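Report on the following structure.
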Amino acid sequence: MQRVWNLVLALVVSATVVAQLVLLVSGGQDVNTTTAAAPVPLAMKLLRFFSYFTVQSNLLVLAAAISLVIRPDRDGPVWRVLRLDALLGIAVTGVVFATLLSGLVHPSGIGIWINAGFHQFSPVWTLLGWLLLGPRPRIDGRTIRWAFVWPVAWLAYTMVHGAMTGWYPYPFLNADTLGYGQVSITVAVILVAALATAFAFLAVDRRLPPSR
Numbered sequence: 002m003q004r005v006w007n008l009v010l011a012l013v014v015s016a017t018v019v020a021q022l023v024l025l026v027s028g029g030q031d032v033n034t035t036t037a038a039a040p041v042p043l044a045m046k047l048l049r050f051f052s053y054f055t056v057q058s059n060l061l062v063l064a065a066a067i068s069l070v071i072r073p074d075r076d077g078p079v080w081r082v083l084r085l086d087a088l089l090g091i092a093v094t095g096v097v098f099a100t101l102l103s104g105l106v107h108p109s110g111i112g113i114w115i116n117a118g119f120h121q122f123s124p125v126w127t128l129l130g131w132l133l134l135g136p137r138p139r140i141d142g143r144t145i146r147w148a149f150v151w152p153v154a155w156l157a158y159t160m161v162h163g164a165m166t167g168w169y170p171y172p173f174l175n176a177d178t179l180g181y182g183q184v185s186i187t188v189a190v191i192l193v194a195a196l197a198t199a200f201a202f203l204a205v206d207r208r209l210p211p212s213r
């Protein structure tokens, strides 16, 4: 069951990423974009695409899913960090999209399905699979500490890239319009919420029965 569940997840996320890349290369819509932007070269489009937290989270989910298809009882310190980053990232992606971004994007055509793959199917299927199938236990304090290296690094890259280019992947991080004070408060709230979520995952990981 573990293999089948993660195989479905890997196939859907792969198809979503590939479909979005094909759409970008052909001059189509990036479903992650919330505001109209001036046309940019393809290389810049691709850089921006891979700069979205949503996309990086889905790629982590894809890597973790493939590893569990190959070996359902996967474990190890590095893998634990990868798995927790995938869970945290995709949980944040789903919640932030539903609460802050869903009304700002207006996909059409195949973009509707791409949007659903990134922001709805992947979060629900990933978290439900973890709750039902594990593997567990796989979360501890050390794993949580290392798991926050990636989101902190992403935030640092995003703010530096935005200051240099004027492009921010999400409107609530746009320091040019909101100011660094407001953005700092938003970032702090998101990090605290993510940390609380990580410890909630730890509690659930300890309480649910170990995977067979």
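Going left to right, the sequence shown walks through residues 2 to 213 as my numbering numbers them.
Glycine included, every Cβ here is placed at the ideal spot set by N, Cα and C.
Quick caveat, the model's predicted, so the values are computed rather than measured.
Spatially closest choice to Asp86 from Arg207, Arg72, Ala66, by CA coordinates: Taking the first residue of the sequence shown as 1, we reach residue 86 at position 85. Of Arg207, Arg72, Ala66, the residue nearest in Cα terms is Ala66.
Endpoints, alpha helix (DSSP H) assigned at Thr187: What you label residue 187 is simply residue 186 of the sequence shown in a count that begins at 1. Note, Thr187: alpha helix (DSSP H), 181–208.
Straight-line gap, His77 to Thr178 (C-alpha atoms, nearest Å): Walking along the sequence shown from the start, residue 77 turns up at place 76. Walking along the sequence shown from the start, residue 178 turns up at place 177. Note that residue 77 is Gly in the sequence shown, not His. In a straight line, the C-alpha of Gly77 is about 43 Å away from that of Thr178.
For Arg72, the nearest candidate out of Pro136, Val96, Leu12, Leu60 (CA to CA): Translated into the one-based positions of the sequence shown, residue 72 becomes position 71. Closest by alpha carbon: Pro136.
CA nearest to the CA of Tyr53, picked from Arg81, Trp168, Thr144, Gly110: Locating residue 53 in the sequence shown gives position 52, counting from the first residue. Among Arg81, Trp168, Thr144, Gly110, the Cα nearest to that of Tyr53 is on Trp168.
Pair within 8 Å by beta-carbon distance, Thr55 and Gly118: In the sequence shown, the residue the question calls residue 55 occupies position 54. In the sequence shown, the residue the question calls residue 118 occupies position 117. No.
Option nearest Met2 by Cα separation, candidates Val93, Arg84, Thr198, Leu129: Within the sequence shown, residue 2 is the residue found at index 1, counting from 1. Answer by Cα proximity: Leu129.
Cβ pair Leu105, Thr187 closer than 8 Å: Taking the first residue of the sequence shown as position 1, residue 105 is located at position 104. Taking the first residue of the sequence shown as position 1, residue 187 is located at position 186. No, these two residues do not count as a Cβ contact at 8 Å.
Segment contact flag, the segment 194–207 with the segment 139–157, C-beta cutoff 8 Å, min 3 pairs: yes
Spatially closest choice to Ala64 from Val14, Val96, Pro40, Ile111, by CA coordinates: Counting from 1 along the sequence shown, the entry for residue 64 is found at position 63. Nearest C-alpha to Ala64: Val14.
Ala176 versus Arg4: straight-line alpha-carbon distance, rounded: Within the sequence shown, residue 176 is the residue found at index 175, counting from 1. Within the sequence shown, residue 4 is the residue found at index 3, counting from 1. If you take the alpha carbons of Ala176 and Arg4, they lie about 43 Å apart.
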